[in-house]
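Asker: Going line by line, the protein sequences match chains A and B. Numbering follows the working numbering, with no gaps: position 11 of the first sequence is 11. The working numbering runs 1000 ahead of the 1-based position in the second sequence. Here's a structure for you.
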Amino acid sequence: EDKVVQSPLSLVVHEGDTVTLNCSYEVTNFRSLLWYKQEKKAPTFLFMLTSSGIEKKSGRLSSILDKKELFSILNITATQTGDSAIYLCAVEAANFGNEKLTFGTGTRLTIIP
Amino acid sequence: DSGVTQTPKHLITATGQRVTLRCSPRSGDLSVYWYQQSLDQGLQFLIHYYNGEERAKGNILERFSAQQFPDLHSELNLSSLELGDSALYFCASRVGLAAYNEQFFGPGTRLTVL
């Protein structure tokens, strides 16, 4: 069974700090790893990673994938209160044309002003 | 705004009842995915439709069914509802099936079963 584990479960830091969120996975027929940010309602897409070692960057957020060690990290630098959210990691696997996303339980990030 | 719409926003119903949740994908997207998010389970994949055909099934109960219509909108039918079915139900759409196409999530339908 496909499995995605995120750590930590919860993180509280002060504004301006840098945080690293972790995601490890065990899936058959890996296709991609995705990071989403979930505030009040629907998850919003952050990054999609398919290749090892290539950092994806968007402003203060960046992410990298290690397909050998089966993990990814999401970094947020100079955190702001607006970064407070649940960050979800998901892995897409495709078994016999059966594409599906398996989500981790998320990391709840709280930024204190 | 992702471009994916879901109705209704909230639904309160009683145990044993049947409800239908509706999802309209982004214009041009052929794939629709349904997910259930409950407090203790996180986001769980339910089912995937592509261009009207069922493509993949996840942890979907037999009491639940879905379909995708010719205009590509999708409906998720939940019957014989139980208290444990209370959750947020999301649909997501995607252009096709390629790994480089991300999924865009709708705002969700919050179902409360009393």
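Backbone N, C-alpha and C fix where the C-beta goes; we use that ideal spot for every residue, glycine too.
1) Under 7 Å between beta-carbons, which chain A residues line up against B/Leu1043? List them in chain order, please.
2) Suppose the cutoff is 8 Å on Cβ atoms and the five residues either side in sequence are ignored; what does the same chain contact list for A/Gln38 look like?
3) For the candidate residues A/Arg108, A/Tyr36 and A/Phe103, whose alpha-carbon lies nearest to that of B/Leu1043?
4) Spatial neighbours of A/Leu101 within its chain, please: CB distance less than 8 Å, with the 5 preceding and 5 following residues excluded, ordered by chain position.
5) Just the C-alpha distance for B/Gly1084 and A/Ala42, rounded to the nearest angstrom, thanks.
6) Under 9 Å Cβ-Cβ, which residues of chain B neighbour A/Gly106?
7) If we ignore side chains and look at the alpha-carbon of each, how far apart do B/Gly1096 and B/Tyr1049 end up?
8) For B/Gln1037, collect the residues of the same chain with a Cβ closer than 7 Å to its Cβ; drop the 5 residues on either side in sequence, then sort them by chain order.
9) Is B/Glu1102 close to chain A, meaning its C-beta is less than 9 Å from at least one C-beta of that chain?
10) Helix, strand or coil, according to DSSP, for B/Gly1042 in the structure here?
11) Quick one: what's B/Gln1036 bridged to in DSSP?
12) Mapping the DSSP letters down to three states, classify B/Leu1078 as helix, strand or coil.
13) Please list, in chain order, the residues of the region 1076-1094 of chain B that have any C-beta partner in chain A closer than 7 Å.
14) Along the region 24-48 of chain A, what residues have a CB closer than 7 Å to any CB found in chain B?
15) Pick out whichever of B/Gly1016, B/Trp1034 and B/Ala1014 has its Cα sitting closest to the Cα of B/Cys1023.
16) Taking the Cβ atom as the reference point for each residue, do B/Leu1078 and B/Leu1021 lie within a distance shorter than 9 Å?
17) Against chain A, does B/Ala1066 count as a neighbour if the rule is that its beta carbon must be under 9 Å from one of theirs?
18) Name, going along the chain, the residues of the region 56-73 of chain A whose beta-carbon falls closer than 7 Å to a beta-carbon of chain B.
19) Take every Cβ of the region 24-31 of chain A, pair it with every Cβ of the region 66-74 of chain A, and state whether three or more of those distances are shorter than 8 Å.
Answerer: Answer, in terms of the structure:
1) Leu88 and Phe103
2) Thr44, Ala85, Ile86, Tyr87, Leu88 and Gly106
3) That would be A/Phe103, whose Cα lies nearest to the Cα of B/Leu1043.
4) Leu34, Ala90, Val91 and Glu92
5) 21 Å
6) Gly1042 and Leu1043
7) 11 Å
8) The answer, listed in chain order, is Leu1043, Ala1087, Leu1088 and Phe1090.
9) Judged by the 9 Å Cβ criterion, B/Glu1102 is in contact with chain A.
10) strand
11) B/Gln1044 and B/Tyr1089
12) In this structure, DSSP gives B/Leu1078 an extended state, which the three-state scheme calls strand.
13) Phe1090
14) Arg31, Ser32, Leu34, Lys41, Ala42, Pro43, Phe45 and Met48
15) B/Trp1034
16) yes
17) no
18) none
19) yes
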